[in-house]
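Scroll down for the structure; my scribbles are underneath it.
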Amino acid sequence: MRVPKEKLFKFAMEVMKKIGCDDEKASTVADVLVEADMRGISSHGVARLRRYVDHIKEGIIDPSGEPEIIFETPVSLVIDGNNGVGQYIAKFSMKRVIEKAKKNGIGMAAVRNSNHYGIAGYYAEMAVEEGLIGISLTNTAPLVVHTFSR
Numbered sequence: 287m288r289v290p291k292e293k294l295f296k297f298a299m300e301v302m303k304k305i306g307c308d309d310e311k312a313s314t315v316a317d318v319l320v321e322a323d324m325r326g327i328s329s330h331g332v333a334r335l336r337r338y339v340d341h342i343k344e345g346i347i348d349p350s351g352e353p354e355i356i357f358e359t360p361v362s363l364v365i366d367g368n369n370g371v372g373q374y375i376a377k378f379s380m381k382r383v384i385e386k387a388k389k390n391g392i393g394m395a396a397v398r399n400s401n402h403y404g405i406a407g408y409y410a411e412m413a414v415e416e417g418l419i420g421i422s423l424t425n426t427a428p429l430v431v432h433t434f435s436r
């Protein structure tokens, strides 16, 4: 079944708004999820909506959570995500990193108290679109067994 990109975006946005996200957060989540599907990374696409809805209902994700800069230097930031929507927090963070890199030659951020943020490449590409090199990393629970382990 093929679904036009615009319909998929609208659907994802409506789901996120219905569960408590404002327009900007819902739009950001929808954009990242649809981009994942368009790149063929379906594990991080719109299929993840159900998990986000469940996590919001369970109180794991706070749809009203806003990122807060808690420490800052000319080239770095520490951001508390306040358990908000991961995609929104990551986009917020990368925008500030880009500003710092343009002004000072390098920018970096560490984010805590965030949630799943989708495909890392989305945020790295934000830097590339500004003529910069971007790297985006995240942590997760152990999911893969090391080669030759028992």
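The C-terminal residue of the sequence shown carries number 436 in this note's numbering, and the numbering is unbroken. The beta-carbon is built from N, C-alpha and C at its ideal position, and this holds for glycine as well.
Query raised in the report: Nearest to Leu363 by alpha carbon, out of Pro353, Gly372, Ile419 and Val371?
Result: Closest by alpha carbon: Pro353.
**Report entry** Whole-angstrom distance between Lys388 and Cys307, CA atom to CA atom
**Finding:** In this model, Cys307 and Lys388 are separated by some 31 Å (Cα to Cα).
Report task. Measure from the alpha carbon of Arg382 to the alpha carbon of each residue in Ile347, Asp348, Gly420 and Asn369, then state which is nearest. Result -> Nearest C-alpha to Arg382: Gly420.
Requested in this report: Check whether the Cβ atoms of His402 and Gly367 lie closer than 8 Å to each other.
Outcome: No; because the gap between Cβ atoms is not below 8 Å, this pair is not in contact.
Query raised in the report: Per DSSP, what kind of secondary structure is Asp366 in: helix, strand or coil?
Result: In the structure shown, Asp366 sits in a strand (DSSP, three-state: E or B).
**Report entry** Boundaries of the beta strand (DSSP E) in which Arg398 is found, first to last residue
**Finding:** Per DSSP, Arg398 belongs to the beta strand (DSSP E) from Met394 to Arg398.
Report task. Hey, could you find the ends of the beta strand (DSSP E) Phe297 is sitting in? Result -> Element bounds for Phe297: not the beta strand (DSSP E) but the alpha helix (DSSP H), Lys291 to Lys304.
Query raised in the report: Which residue from Thr433, Glu415 and Ser400 puts its Cα closest to that of Leu423?
Result: Nearest in C-alpha terms to Leu423, of all of Thr433, Glu415 and Ser400, is Ser400.
Query raised in the report: Can the beta-carbon of Ala316 be found less than 8 Å from the beta-carbon of Met302?
Result: Yes, the pair counts as a contact, with Cβ atoms nearer than the cut-off.
Query raised in the report: Under the three-state reduction of DSSP, which class applies to Phe378: helix, strand or coil?
Result: If DSSP states are grouped into helix, strand and coil, Phe378 belongs with the helices.
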